[in-house]
Amino acid sequence: MAIRILAALALALTVAAAGPTMTTGATALTVDLQGDPATLDPGRQYDTNSYDVYRNIYDNFLHRNPQTSAIEADVATAWTAVSPTEWHFTIRNDVRFHDGTPLVAADVEASLARILDRQFNSPQYANFSAIATVKATGPDTLTIITSRPYPVLLAQLVNLSIVSKAYMQAHDQPYANAHPMGSGPYRFAAWLRGDHVTLRAVPAYWRGRPQIDEVTFRTVPETATRVADLQSGRAQLALGLTSDDVKTIKRDPKLQLLGGATERVAYLAFNALGPGPLRDVRARAAIAHAVDAASLIRILLAGYARSVTELLTSRHFGHDPKIPGYPHDLAKANQLLAESGHAGGLTLVFTTSPTYDQRIIQAIQGQLEQAGVTVKIQSYDFGTYLQKIQSPQHDWGDLRYGQWSCSCLDADGVIYPLFHTGSIWSSYSDPAFDKAVDDARSTLDAAARRAAYSTALNVLQRDVPAVPLWEVVALYGADRHLHWHPTVDEQLFVADMALGQ
Amino acid sequence: MGRFMAGRLLQAVLVLWGVSTIVFVIVRLSGDPVALMVPQGTPADVIAQMRHTLGLDRPLHVQYLRFLAGLARGDLGTSYVQDAPALPLVLQRLPYTIELTAAAFGLALAVGLPLGVAAGTRRGGAFDRLALPLILIGQAMPSFWTGLLLILIVSVRWHLLPSSGSGTPQTLVLPSITLAWLSLATIARMSRSAVLEEASRDYVRTAHAKGVSPRRVVVAHVLRNAAIPILTIAALDVANLLGGAVITETIFAWPGMGRLAVEAIQARDYTVVQAVVIVGTAIFVLTTLVTDVLYGVLDPRVALAGAPS
Chain A
445 MAIRILAALA LALTVAAAGP TMTTGATALT VDLQGDPATL DPGRQYDTNS YDVYRNIYDN
505 FLHRNPQTSA IEADVATAWT AVSPTEWHFT IRNDVRFHDG TPLVAADVEA SLARILDRQF
565 NSPQYANFSA IATVKATGPD TLTIITSRPY PVLLAQLVNL SIVSKAYMQA HDQPYANAHP
625 MGSGPYRFAA WLRGDHVTLR AVPAYWRGRP QIDEVTFRTV PETATRVADL QSGRAQLALG
685 LTSDDVKTIK RDPKLQLLGG ATERVAYLAF NALGPGPLRD VRARAAIAHA VDAASLIRIL
745 LAGYARSVTE LLTSRHFGHD PKIPGYPHDL AKANQLLAES GHAGGLTLVF TTSPTYDQRI
805 IQAIQGQLEQ AGVTVKIQSY DFGTYLQKIQ SPQHDWGDLR YGQWSCSCLD ADGVIYPLFH
865 TGSIWSSYSD PAFDKAVDDA RSTLDAAARR AAYSTALNVL QRDVPAVPLW EVVALYGADR
925 HLHWHPTVDE QLFVADMALG Q
Chain B
2 MGRFMAGRLL QAVLVLWGVS TIVFVIVRLS GDPVALMVPQ GTPADVIAQM RHTLGLDRPL
62 HVQYLRFLAG LARGDLGTSY VQDAPALPLV LQRLPYTIEL TAAAFGLALA VGLPLGVAAG
122 TRRGGAFDRL ALPLILIGQA MPSFWTGLLL ILIVSVRWHL LPSSGSGTPQ TLVLPSITLA
182 WLSLATIARM SRSAVLEEAS RDYVRTAHAK GVSPRRVVVA HVLRNAAIPI LTIAALDVAN
242 LLGGAVITET IFAWPGMGRL AVEAIQARDY TVVQAVVIVG TAIFVLTTLV TDVLYGVLDP
302 RVALAGAPS
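Protein chains in written order, with my numbering: chain A, 445 to 945; chain B, 2 to 310.
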């Protein structure tokens, strides 16, 4: 009797453990995110967890081809720059919001206008601040006028999700945030903060009905739990895995490891304006040659990264394949150190935050030790870290590790904020570099821009304000029945996924 | 009793005001949230403008007065990060933390108390010798380790219970065992020593001499007198459980208040941190008050008036 009761209990628990149930025949996907989406309002978003969810609820103005990285039509079907500062767009006339109202140019205008409204306090303001006016000139035509030639306008408009003007006017901010309503492939169904967001497929979506009927995004902050969720079948896709999880995923026949090249570049930046020894370009070059990025990729990242010689990936606009980078060469590092007056070694402060993989920081410390450089690691919480390294006094230490992504695949979003004189991230200054990147952002002529970025990258190669380390690979664990190819811009479009048998 | 309650309520208000003032100052000492809210590459003037719109560039005393005025109305401000009123955000998470804490506390009490009493009444016996090392192991195991071990065995290997999440009774089992583990050991150890101390007293010898059955001696006499120290530890443990729930909530993706607190602190979401601390303090004050009342119920010698008798 007791055995029978135990067996029944075990069966009941097993059924319950299988997770959310769906109507027979429907396809459900559970995605484990690293954190809680902070907001589902595209204008107020700043974190990737929010982005991963709401991009499925809203349509986007433009689309980036995951294979070629080219910018393609989405809601906007055609565009032309009639002058260096005036752009005309035509938009689709068959898109409807989930409440049945048509998406028109006035909605695009409103989506941009709220981001540009300083009182609205959009974290994305800086990406669109070059826009002077935006005007719907008809139901399906739109004009954008920029205050200066803005070559990355289209790249930024890839990130623009379109909200309904009428819906945003009818509801207050907290309501619109808690009940997002867009025109995308999935409609909002439920949101329990800190736990999950559920979306349901829109059968009449203009691109066609998505294969997956329901998707639940769960917040699972602990990496080991995300992996356990995959192993126990509670989730079919887990984000934010590390090289430590590679073996576990690969060993499990029910799972697959998906590695996606990204536009994020890891780098080691120097304080070239501070009071420390790295004011001297020879000392900076010595450190650059002492770092062995290839070993770090092989040993720490299990091979899941690609070497780079500049702070751009080959897919970035402005990438120059001729930049040589800094090959690992300890003898040269020692020689450069001696030339800079540090033959007896030197001591540097490595400013960092637990946000970054501390194994990498410590491994770099170990590699520099071999060149006679003593590195003291000073770690701060991310907020304090940002405050320190962005201080105009440039008194934050000597070197720092970072990963840079502009979500725009353009050199303008990378090397301009990192190295332009006066930028809060920059502890470097050079008039020739400043002129080159200023020139590149003041024209729409692609050839002229490429030439200017080539000049700028050569200045950086000479002055060594940073060491480019690698192109980051995003690691996802998934059920082996999930068909999906991660994209370079790390977009999580569920409509591009399918669950097979 | 009436005077006692009035005095304690006044104390509670003072404690809440003091704690909210301290947390108001401390979160602001930790730095500015705006730098964490914008994408990389945002120029300094845009950051400054955001700071101004959020009112974070105003003098501290102006911000404090606004905070106090809001507090008096029960309005703890809007979360900078989550774009929603802070107090409802916290109150929405509170039932999950209470559910987890109550389940863990119930489990710790249901297992720890009989374990401790049994070990105490048979001091030096086989059971006592077996229970003591188990209690020590329980205290030595950190919850992040216990939790992951339970997930690996029960969820991944046996497929018996969900590895994470909330919403069904099954999802509560593993987190509450994980959270109860440490408290169980504390309660068992405390009950054992309290029972041991009482068992050597004269009234126990008298009861035995009168021919009262050993079970009745333990239940009616020893346990009643041992209840006060056990209750004290158990009440303190509720506060520990609430605090300790952070790690358990993180491991099991449980949407409780602890996790919200950690996320808010990391993002410097001032208003949410303040709301979490104020709500947490209110719970702690309430628990202490209930404990004090229970003292009076359990032991008539404890006078609730607080006046010397």
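Every residue, glycine too, gets a C-beta built ideally from N, C-alpha and C.
{"Item": "Output, in chain order, the set of chain B residues within a Cβ distance shorter than 8 Å of Asn902(A).", "Value": "Near Asn902(A) there are no residues of chain B at all, since even the closest Cβ is about 22 Å away, more than 8 Å."}
{"Item": "So, is Gln837(A) buried or exposed, given that buried needs 16 or more other C-beta atoms within 10 angstroms?", "Value": "exposed"}
{"Item": "Report back the beta-carbon spacing between Leu243(B) and Thr43(B) to the nearest angstrom; my notes put them in contact at under 8 Å.", "Value": "The Cβ separation is near 37 Å, so there is no contact."}
{"Item": "Specify the secondary structure class of Gly947(A) as computed by DSSP and reduced to three states.", "Value": "Since the first residue shown for chain A is 445 and the last is 945, residue 947(A) is missing from the structure and cannot be characterised."}
{"Item": "How about the region 659-673 of chain A and the region 905-913 of chain A: do they share at least three Cβ pairs that are nearer than 8 Å?", "Value": "no"}
{"Item": "Would you identify the three-state DSSP class for Thr468(A), choosing helix, strand or coil?", "Value": "Residue confidence for Thr468(A) is low, a pLDDT of 47 falling below 50, so the modelled location carries little weight; the figure read from the coordinates is stated next. Three-state DSSP puts Thr468(A) in coil, outside helix and strand."}
{"Item": "Would you list the one or two residues that DSSP bridges to Asn504(A)?", "Value": "Ser605(A)"}
{"Item": "Just the Cα atoms here: how many angstroms apart are Arg29(B) and Gln822(A)?", "Value": "22 Å"}
{"Item": "From the DSSP output, in three-state form, read off Trp146(B) for me.", "Value": "helix"}
{"Item": "Taking the beta strand (DSSP E) that Gln967(A) belongs to, which residues open and close that run?", "Value": "Nothing about residue 967(A) can be reported from this structure: the residues present for chain A run from 445 to 945 only."}
{"Item": "Taking C-beta to C-beta, are Phe877(A) and Leu843(A) nearer than 8 Å?", "Value": "no"}
{"Item": "Between which two residues does the beta strand (DSSP E) containing Gly846(A) stretch?", "Value": "Leu843 to Trp848"}
{"Item": "Does any CB atom of chain B fall closer than 8 Å to the CB of Ala682(A)?", "Value": "no"}
{"Item": "Output the boundary residues of the beta strand (DSSP E) element that contains Phe564(A).", "Value": "From DSSP, Phe564(A) is part of no beta strand (DSSP E); its letter is neither H nor E."}
{"Item": "Looking at C-alpha atoms only, which residue of Leu110(B), Leu131(B) and Arg9(B) is the closest neighbour of Ile178(B)?", "Value": "Leu110(B)"}
{"Item": "Is Pro912(A) helix, strand or coil by DSSP?", "Value": "strand"}
{"Item": "Only counting the same chain, and skipping five residues up and downstream in sequence, which positions put a Cβ closer than 6 Å to that of Val174(B)?", "Value": "Leu162"}
{"Item": "When the Cα of Phe761(A) is compared with those of Gly944(A), Ala891(A) and Pro567(A), which residue comes out closest?", "Value": "Ala891(A)"}
{"Item": "Which of the three DSSP states is assigned to Trp159(B) in this structure?", "Value": "coil"}
{"Item": "Between the region 865-882 of chain A and chain B, which residues of the former have a C-beta closer than 8 Å to a C-beta of the latter?", "Value": "Ser867, Ile868 and Trp869"}
{"Item": "So with Cβ pairs under 8 Å, would you call His62(B) a contact of chain A?", "Value": "no"}
{"Item": "Out of Gly544(A), Gly626(A) and Glu516(A), point me to the one whose CA is closest to Val552(A)'s CA.", "Value": "Gly626(A)"}
{"Item": "Which of the three DSSP states is assigned to Asp476(A) in this structure?", "Value": "strand"}
{"Item": "Of the choices Pro771(A), Arg894(A), Gly638(A) and Gly841(A), whose alpha-carbon is the least far from that of Leu260(B)?", "Value": "Looking at the sequence provided, one finds Arg at residue 260(B) rather than Leu. For Arg260(B), the nearest C-alpha among the options comes from Gly638(A)."}
{"Item": "According to a CB-to-CB cut-off of less than 8 Å, which residues of the region 37-55 of chain B neighbour chain A?", "Value": "Leu37, Met38, Val39, Pro40, Gln41, Gly42, Thr43, Pro44, Ala45, Val47, Ile48, Gln50, Met51, Thr54 and Leu55"}
{"Item": "For a contact defined as C-beta to C-beta under 7 Å, what are the partners of Ala235(B) on chain A?", "Value": "Near Ala235(B) there are no residues of chain A at all, since even the closest Cβ is about 28 Å away, more than 7 Å."}
{"Item": "For chain A, is any of its Cβ atoms less than 8 Å away from the one on Ala85(B)?", "Value": "yes"}
{"Item": "Spell out a yes or no on whether the region 285-299 of chain B and the region 100-119 of chain B are touching, meaning 3 or more CB-CB pairs, one atom from each, closer than 8 Å.", "Value": "no"}
{"Item": "Report the partner residues of Leu943(A) according to the DSSP bridge assignment.", "Value": "Leu926(A)"}
{"Item": "Run the CB neighbour count on Trp182(B), radius 10 Å, all protein chains shown included, and call it buried at 16 or more, exposed below.", "Value": "buried"}
{"Item": "For the structure I just gave you, are there three or more beta carbon pairs, one from the region 186-203 of chain B and one from the region 124-140 of chain B, closer than 8 Å?", "Value": "yes"}
{"Item": "Can you list, in chain order, the residues of its chain with a C-beta nearer than 6 Å to that of Arg631(A)? Leave out the 5 residues immediately preceding and following it.", "Value": "His542, Arg644 and Val646"}
{"Item": "Given that a residue counts as buried once 16 or more other Cβ atoms are within 10 Å of its Cβ, and exposed if not, what is Thr467(A)?", "Value": "Only weak support is given to the placement of Thr467(A): the predicted model assigns it a pLDDT of 43, under 50, and the question is left unresolved by the model."}
{"Item": "Work out the CA separation of Gly121(B) and Ala141(B) for me, nearest whole Å.", "Value": "21 Å"}
{"Item": "Report the neighbours of Thr251(B) on chain A: residues whose CB is nearer than 8 Å to its CB, in chain order.", "Value": "Pro665 and Glu666"}
{"Item": "Of all the options Ile808(A), Thr799(A), Leu774(A) and Leu812(A), which has the alpha carbon lying nearest to the alpha carbon of Leu790(A)?", "Value": "Leu812(A)"}
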